[in-house]
Each structure stands twice: as C-alpha cells, then as structure tokens.
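Visitor: Can you read through this structure? Questions will come right after.
In our numbering, the protein residues as written are 42 to 394.
Structure below.
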C-alpha cells in the first residue's frame, strides 16, 4: 500500500489547475463527514480501465454495467486537510417549467409499463442544461461547504470530460471480510421545523430496494444484519435509508459482488433488465456516468473499496453544465409530483452555480 503525500490545500488545488491546463486526468474528493481531501493525478492521458477490480486507484463507472469502468491509478496520490468552511455560498433556485411536458409524458409511459406488469418499479430521469462560465474547482469547493455529509468529488479526463457531484448514497464499503451497502430511496423536500411524512408509495419503494439487495447478495455473503429504516437528510432533501452489513467469504471476487448490486432498483428499477431496457430506449438521452458508481479501490488495503452511487451530479462542458436528476416510479406515482421531485433534486447542484 502506498500512503498519500500530505500537502497543503492550496498546493492540492494548484496541482488540479496544472493538470487541467496540461489536459491530464485527475480526481479530488472528500468522504462524508471528514475534512480530508484526497487527490489522484495521472502522469499521462491514457484511458485506463479496471478489469477485475484488483487494480488500485479511483474508479468511475457508467450506469450501463455492460460498459467499461474507468480507472485513475495512483501515479501521484495526495491528501490535504480543508479545515472548517464558513457559511456556504448557495444561490436560491426556483422551480422551472422547462422540460415538464416531456418528463411527465415519460412518467406516464413508465406507469403504463408497471400497470401492464412488465416492471414493478422504474427510475426515470432527465438532463438539464445550464449556461455558466464557472470552472469545476469553485463548484467543487461550494459542494464541500454545502454538503458535509455527502461524498463530494471533481473528476476529469480529457477523453471523457469533467464531472462534479455531492452524492448521499453509498454503494459498497469493504474492509477485510466485512462489507456494507445501503438502500436509499424515497425523496421529500425539507420543510422548516417539520419531520418528513412518508407516504405508502415511498415506503414501498424503499422496501423494494432493500429486498432486492438482500436477494442479490444471499449467495455471496453470510451473517447478514439489516438496520432499521430511518429518515436521513441530504441538503434540502429527506431520504429513507437502510444499511446492510455482512461477511464476505475469504478471497471474495469484488467485481462479482459489485455486479450483483449495480445498478440497484434505486437508480434503475425492478426487474432490472426490463427496467434498464426501457430506460435506454425511452429517456431520450445517454446517462453515461449519472447513476453509475465511483470511488476508491484498493487504496487503504488490498481488497478494500469505498464506492458511491453517482447521484446529485453535473457534467461540465465549456460554458455549459448538464445536471442529471430522476425519481422512482411505482404504480402509485403522480406525474406532476414526480416532476416536482426532479425539480427539488436539481436544486442540489443548481444552487452551487
């Protein structure tokens, strides 16, 4: 194992600037509820992939699990302490009607598919375009301030592009033979001095995800423990969360474990293949890395992983950013409410611009 080199935050950010100007890949990120910012900087512009998850570095994987998972290796590995931030910069964001008609029609098609019995649940999303002249670093720093309990990152490869995000959802945490995954579903906007009032639709949606994970992992793990479902806050949104802990067998194949749970019903639907087929054929755009996963692989020790679902994210292209948002559709979904859920979710990223 190679330990990261300790540097000052200004040095780390200067290295980011140097890499970007030289068109060389990098990623900087921070785990939830920590002050340490990690950075991996690649010496060349080769597009690396992970083949069996035995490699060491930072992985970036698309929604479509038939496509390759990218890897930024540990050419240069740095760590800096951010210190406590002051008051976060946040721009007030108001609901927009742009794209409403198309998304509501998509939701109606999803509900029809459910009523026909093809799927039980499907996650449908949309892509929002916002003009901006901002660079990735300021947006990343605002994300660190605004979302201390999220996994925040800034990722760049000249052959792929730049992404920034603040995701609340862990896909997989592995240390030794112990693993943890999370079922996160259901969304409500935060209201002042008010606890979330979950409907039956959201409770059922959450249970679908939990049951799916347990079923997928039953032949891969042992000594499974499931936490109580609780409400957790991520920025201005509430979610329902259940943690699943288990033991992995000696010499477990990490790639196989990941393939069992990605994509989860929280980002795709049930049954997975039928939902995925509809998404790829009807959403009208390519999700690429939205609702994929990303994170550390074999950095702290061999066989270790800290992977997160790529939610609450945006792609930066020249003077434009693309924000990706979606929601779980069930038989009880209301197209108007589903539209508003995507608007509420979009505020996480739009407020940072």
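All residues carry an ideal CB built from backbone N, CA and C; glycine is no exception.
Write down the C-beta distance between residue 228 and residue 144 rounded to the nearest angstrom, noting that I regard them as a contact closer than 8 Å.
Guide: On the chain shown, position 187 is the one that residue 228 refers to. On the chain shown, position 103 is the one that residue 144 refers to. No, residue 228 and residue 144 are not in contact; Cβ-Cβ is about 15 Å, not under 8 Å.
Visitor: With a cut-off of 8 Å, do at least 3 Cβ pairs link the region 191 to 202 to the region 62 to 70?
Guide: Contact between the region 191 to 202 and the region 62 to 70 is present, because at least three Cβ pairs lie under 8 Å.
Visitor: My assumption, with CB atoms under 8 Å, is that residue 254 sits in contact with residue 305. Please give the rounded CB distance.
Guide: Reading the chain shown from its first residue, position 213 is the one you call residue 254. Reading the chain shown from its first residue, position 264 is the one you call residue 305. Correct: roughly 7 Å between the Cβ atoms.
Visitor: How long is the line joining the alpha carbons of residue 149 and residue 376, rounded to whole angstroms?
Guide: Your numbering for residue 149 matches position 108 in the chain shown. Your numbering for residue 376 matches position 335 in the chain shown. Cα to Cα, the separation comes out at about 7 Å.
Visitor: On a Cα-Cα basis, can you pick out the residue from 96, 295, 371 and 119 that is closest to residue 217?
Guide: Residue mapping note: residue 217 aligns to position 176 of the chain shown, counting from 1. Out of 96, 295, 371 and 119, 295 has the C-alpha closest to the C-alpha of residue 217.
Visitor: Select from 353, 368 and 379 the residue whose C-alpha is nearest the C-alpha of residue 391.
Guide: The residue you call residue 391 lines up with position 350 of the chain shown. The residue with the shortest Cα to Cα distance from residue 391 is 353.
Visitor: Beta-carbon within less than 6 Å of residue 385's beta-carbon, same chain only, minus the 5 sequence neighbours each way: which residues are those?
Guide: Counting from one through the chain shown, the residue named residue 385 turns up at place 344. If we look at residue 385 and ignore the five residues flanking it on each side, its Cβ neighbours are 230.
Visitor: Does the region 341 to 355 touch the region 109 to 125, meaning 3 or more C-beta pairs lie closer than 8 Å?
Guide: With a cut-off of 8 Å, the region 341 to 355 and the region 109 to 125 do not count as touching, because too few Cβ pairs lie within range.
Visitor: Using 8 Å for Cβ pairs, my map puts residue 324 next to residue 165. What's the rounded Cβ distance?
Guide: As a first step, residue 324 is located in the chain shown; it is residue number 283 there, counting from the start. As a first step, residue 165 is located in the chain shown; it is residue number 124 there, counting from the start. Right, the Cβ-Cβ distance comes to about 7 Å (below 8 Å), so this counts as a contact.
Visitor: Which residues does DSSP list as the beta-bridge partners of residue 356?
Guide: Here the question's residue 356 lines up with position 315 in the chain shown. Its beta-bridge partners are 204 and 363.
Visitor: Using a Cβ distance threshold of 8 Å, determine whether the region 325 to 340 contacts the region 172 to 186, with at least three qualifying pairs required.
Guide: No, because fewer than three Cβ pairs between the region 325 to 340 and the region 172 to 186 fall closer than 8 Å, the two stretches do not touch.
Visitor: Which residue wins for smallest C-alpha separation from residue 290, given the options 273, 270 and 265?
Guide: Here the question's residue 290 lines up with position 249 in the chain shown. When only C-alpha atoms are compared, the closest one is 265.
Visitor: CB residue 333 to CB residue 101, shorter than 9 Å?
Guide: Residue numbering aside, residue 333 sits at position 292 when the chain shown is read from its first letter. Residue numbering aside, residue 101 sits at position 60 when the chain shown is read from its first letter. Yes; because the gap between Cβ atoms is below 9 Å, this pair is in contact.
Visitor: In terms of residue numbering, what span does the alpha helix (DSSP H) encompassing residue 392 cover?
Guide: Working through the chain shown from its first residue, we reach residue 392 at position 351. Residue 392 -> no alpha helix (DSSP H), and no H or E assigned at all.
Visitor: Express the C-alpha separation of residue 234 and residue 109 in angstroms, rounding to a whole number.
Guide: Sequence index remark: in the chain shown, residue 109 carries index 68 (1-based). Sequence index remark: in the chain shown, residue 234 carries index 193 (1-based). Near 45 Å, if we compare the C-alpha coordinates of residue 234 and residue 109.
Visitor: Please name the residue, chosen from 342, 170, 219 and 316, that lies closest to residue 298 on a Cα-to-Cα basis.
Guide: Indexing the chain shown from 1 puts residue 298 at position 257. Residue 219 is the option with its Cα nearest to residue 298.
Visitor: When the Cα of residue 147 is compared with those of 383, 393 and 394, which residue comes out closest?
Guide: Here residue 147 corresponds to residue number 106 of the chain shown, with the count starting at 1. Taking only the C-alpha atoms, the option nearest residue 147 is 383.
Visitor: Pick out whichever of 287, 170 and 303 has its Cα sitting closest to the Cα of residue 261.
Guide: Counting from one through the chain shown, the residue named residue 261 turns up at place 220. Minimum Cα distance to residue 261 is reached at 287.
Visitor: Which same chain residues, not among the five before or five after residue 98, have their C-beta less than 7 Å away from its C-beta?
Guide: As a position in the chain shown, residue 98 is number 57, starting the count at 1. Around residue 98: 81, 112, 113, 114, 115 and 338.
Visitor: Taking the continuous alpha helix (DSSP H) assigned at residue 303, which residues delimit it?
Guide: Residue mapping note: residue 303 aligns to position 262 of the chain shown, counting from 1. First-last for residue 303: undefined, no H or E at that position.
Visitor: Buried or exposed for residue 95, going by 16 or more other Cβ atoms inside 10 Å?
Guide: As a working mapping, residue 95 is identified with position 54 in the chain shown. Flag for residue 95 reads exposed.
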